[in-house]
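K.L.:
Read in order, the letters of the sequence shown correspond to residues 384 to 809 in our numbering. Heads up, the beta-carbon is just placed ideally off N, CA and C, and yes, glycines get one too. Next up is a structure, given as structure tokens.
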Amino acid sequence: MKTTELIKNIQSGALDSIFAKLYGDDVDMQKARYIRTIKNFEENYGVDRDVSLFSVPGRSEISGNHTDHNHGCVLAAAINLDIIAVAAKNSDGLVRLRSEGYTEDRMTVEECAKPNPDYFFKSRALIAGMVQGFKDYGHTAGGFDAFTTNNVHKGSGLSSSAAFEVMVGNIINHFYNDGAVDNAEVARIAECSENVYFGKPCGLMDQTACAVGGFVAIDFADPKAPIIEPLAFDMSAAGYSLCITNTGGNHADLNDDYASVPAEMKAVAAHFGKVALREVTKEQIIGAVPVLRETVGDRAILRALHFANENERVAVQKKALEDGDLDTFFTYMKASGNSSYKYLQNVFTTKNVREQGLSLALCLTDDALSGKGGAYRVHGGGFAGTIQAFVPHADVDEYRKAMDTAFGFGSCVVMSIRPEGAIKVY
384 MKTTELIKNI QSGALDSIFA KLYGDDVDMQ KARYIRTIKN FEENYGVDRD
434 VSLFSVPGRS EISGNHTDHN HGCVLAAAIN LDIIAVAAKN SDGLVRLRSE
484 GYTEDRMTVE ECAKPNPDYF FKSRALIAGM VQGFKDYGHT AGGFDAFTTN
534 NVHKGSGLSS SAAFEVMVGN IINHFYNDGA VDNAEVARIA ECSENVYFGK
584 PCGLMDQTAC AVGGFVAIDF ADPKAPIIEP LAFDMSAAGY SLCITNTGGN
634 HADLNDDYAS VPAEMKAVAA HFGKVALREV TKEQIIGAVP VLRETVGDRA
684 ILRALHFANE NERVAVQKKA LEDGDLDTFF TYMKASGNSS YKYLQNVFTT
734 KNVREQGLSL ALCLTDDALS GKGGAYRVHG GGFAGTIQAF VPHADVDEYR
784 KAMDTAFGFG SCVVMSIRPE GAIKVY
């Protein structure tokens, strides 16, 4: 549809139903946001071109902290913060993508054929990895022009990079593959893009949660074919809001911290001749502690035991959600957070011990929610960034005020779980 006509359709309310499904009561603000993005596309790539609208949500990791990269189990959920794109297919073999507030990334499809270390940790690397990834997986890819707007803020722990790369795949999927590539496969392509082209050794959980949507339990025993189980659970109807607090921590120079977690877990697995910890039992790890202390060190053992226990916790929490047993769910969520803090050790970086925003946020949350129910833990990769808390609806305003007072106005955001993953909106 032409951009001018699309704007008129949005203004008339033609997309209100889909906006309500994606964003809840936030329809008017989303209408303005989409229209702004269309106008930004026009300014950069021309007026009255035929365009499509796309959306990919961020994600919240509900449980299973740092397990996916070692073929573990996780609980995750898509949230109502997302990246949206206005995009048009082109025939000149160029990929042009500009995000609001950033300069344009531009490259030929041929330039995407190989990873370039000069572009590690830059958005153009993610784009190139998705373009080539579709080809490597036996699909079709080509040029397009796109303008994106993203409220899954970078550094928020809500997987802005995963949402971005899944968005690129979402566009390629619909423009060049008629939308026939399953979103779970788009997620696998995105993981490869982030690992090989971007230079970050992440697992598959972030991409899968963003691509698939809703509450999902994901078992990565076979990472090439993860078992994805949607969970029909309405946390809001159960009386709780998901609150994410951004502590404003500095993510600079944390790549080594993030990379150390899967590396140390895999070092323990390698002691037993295995590729990933999922192939090793907790009893084997405990039995080999004296040797492992000498070969991989104490922290690696602690992280390996966190992995083993976390997989067990995820199984219990999954069943608890299926049974509507929130007391058990919250008990094990707190246990997950406790394990992340003490054994996984991803709540603060030892590079700057003066900055412990996550520790402070968890301490303040412990105090604020004492005797009120709910649960809380570190969110996402850790070391800096965000915590999550399920807070009773009646206590949300007071809790948000406490977090905003400590970390700045707007630090605490109240989320809803979005039922849709990566989609073509129109």
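Which runs of the alpha helix (DSSP H), 4 residues or longer, sit entirely within the stretch 396–474?
P.N.:
If we require 4 residues or more, the alpha helix (DSSP H) runs fully inside the stretch 396–474 come out as 399–406, 410–428.
K.L.:
Verify whether the separation of the beta carbon atoms of VAL434 and MET513 is less than 8 Å.
P.N.:
no
K.L.:
Taking C-alpha atoms, which residue in VAL478, ASP636, PRO498 lies nearest to ARG489?
P.N.:
VAL478
K.L.:
When the Cα of PHE790 is compared with those of ILE770, GLU487, ASP475, which residue comes out closest?
P.N.:
ILE770
K.L.:
Report the three-state DSSP secondary structure of ASN566 (helix, strand or coil).
P.N.:
helix
K.L.:
Taking the alpha-carbon positions, what's the PRO606 to VAL797 distance?
P.N.:
Near 32 Å, if we compare the C-alpha coordinates of VAL797 and PRO606.
K.L.:
Determine whether the beta carbon atoms of THR591 and ALA604 lie at a separation below 8 Å.
P.N.:
no
K.L.:
Can you give the beta carbon distance from LEU685 to TYR726, rounded, assuming they're within the 8 Å contact cut?
P.N.:
4 Å
K.L.:
Taking the C-alpha atoms as reference points, what is the distance between GLY764 and ASN729?
P.N.:
7 Å
K.L.:
Report the three-state DSSP secondary structure of PRO673 (helix, strand or coil).
P.N.:
Reduced to three states, the DSSP call for PRO673 is helix.
K.L.:
What would DSSP say about ALA600, mapped onto helix, strand or coil?
P.N.:
Correct three-state label for ALA600: strand.
K.L.:
Could you tell me whether the Cβ atoms of GLY804 and PRO440 are closer together than 8 Å?
P.N.:
Yes; because the gap between Cβ atoms is below 8 Å, this pair is in contact.
K.L.:
On the criterion of 16 or more Cβ atoms from any shown chain inside 10 Å, does ASP883 qualify as buried, or is it exposed?
P.N.:
The shown model of the chain, from 384 to 809, leaves out residue 883, and the question about it has no answer.
K.L.:
Quick check on ARG481: does DSSP put it in helix, strand or coil?
P.N.:
Looking at ARG481 - three-state DSSP - the assignment turns out to be strand.
K.L.:
Using CA atoms only, rank isn't needed, just tell me which of MET588, THR523, VAL492 is closest to ASP475.
P.N.:
VAL492
K.L.:
Over what stretch of residues does the beta strand (DSSP E) that includes GLN771 continue unbroken?
P.N.:
769–775
K.L.:
Quick one: measure Cβ to Cβ for GLU444 and MET550, integer angstroms, because I've assumed they're closer than 8 Å.
P.N.:
19 Å between Cβ atoms; not a contact.
K.L.:
Under a Cβ-count criterion, where at least 16 other Cβ atoms within 10 Å of its own Cβ denotes burial, should CYS746 be classed as buried or exposed?
P.N.:
exposed
K.L.:
Could you please give the first and the last residue of the uninterrupted alpha helix (DSSP H) stretch that includes MET798?
P.N.:
No alpha helix (DSSP H) holds MET798; the beta strand (DSSP E) holding it covers 795–798.
K.L.:
In chain order, what residues of the same chain have a beta carbon less than 7 Å from the beta carbon of HIS470, not counting five sequence neighbours either side?
P.N.:
Inspection of the sequence shows that residue 470 is occupied by Ala rather than by His. Hits under 7 Å: VAL434, SER435, PHE437, PHE527, ASP528, ALA529, ILE554.
K.L.:
Just tell me which of ILE610, ALA687, ARG801 has its CA closest to the CA of LEU405.
P.N.:
ARG801
K.L.:
What did DSSP end up calling TYR759 once you bin it into helix, strand or coil?
P.N.:
strand
K.L.:
Does any heavy atom of the ligand ATP sit closer than 7 Å to the C-beta of SER643?
P.N.:
The ligand ATP is not part of this structure, which contains no ligands at all.
K.L.:
Which runs of the alpha helix (DSSP H) spanning at least 4 residues fall entirely within the stretch 678–709, listed in chain order?
P.N.:
681–706
K.L.:
Output the distance between the C-alpha atoms of GLU662 and ALA652, rounded to the nearest integer angstrom.
P.N.:
8 Å
K.L.:
Go ahead and pull the three-state DSSP assignment for THR491.
P.N.:
strand
K.L.:
Across which residues does DSSP place LYS821 in a beta bridge pair?
P.N.:
No information on residue 821 is available, as it lies outside the stretch 384 to 809 that the chain covers here.
K.L.:
Among the residues of its own chain, which have a CB less than 7 Å from the CB of GLN667, if the five just before and after it don't count?
P.N.:
By the criterion of a C-beta distance shorter than 7 Å, GLN667 is surrounded in its chain by PHE655, once the five residues flanking it on both sides are discounted.
K.L.:
How many Å lie between SER619 and VAL779 at the Cα?
P.N.:
12 Å
K.L.:
According to DSSP, ASP528 sits in a beta bridge with which residue or residues?
P.N.:
Per DSSP, the beta bridge partners of ASP528 are ALA471, ARG479.
K.L.:
Taking C-beta to C-beta, are GLU693 and GLY455 nearer than 8 Å?
P.N.:
yes
K.L.:
For TYR759, which residues of its own chain have a beta-carbon under 8 Å away from its beta-carbon, when the five flanking residues on both sides are left out?
P.N.:
Exclusion of the five residues before and after TYR759 leaves MET716, LYS717, GLY720, LEU745, THR748, ASP749, LEU752, ILE770, GLN771, ALA772, PHE773 as the residues of its chain whose Cβ lies within less than 8 Å of its Cβ.
K.L.:
Just verifying my parser: in three-state terms, what is the DSSP assignment at THR630?
P.N.:
coil
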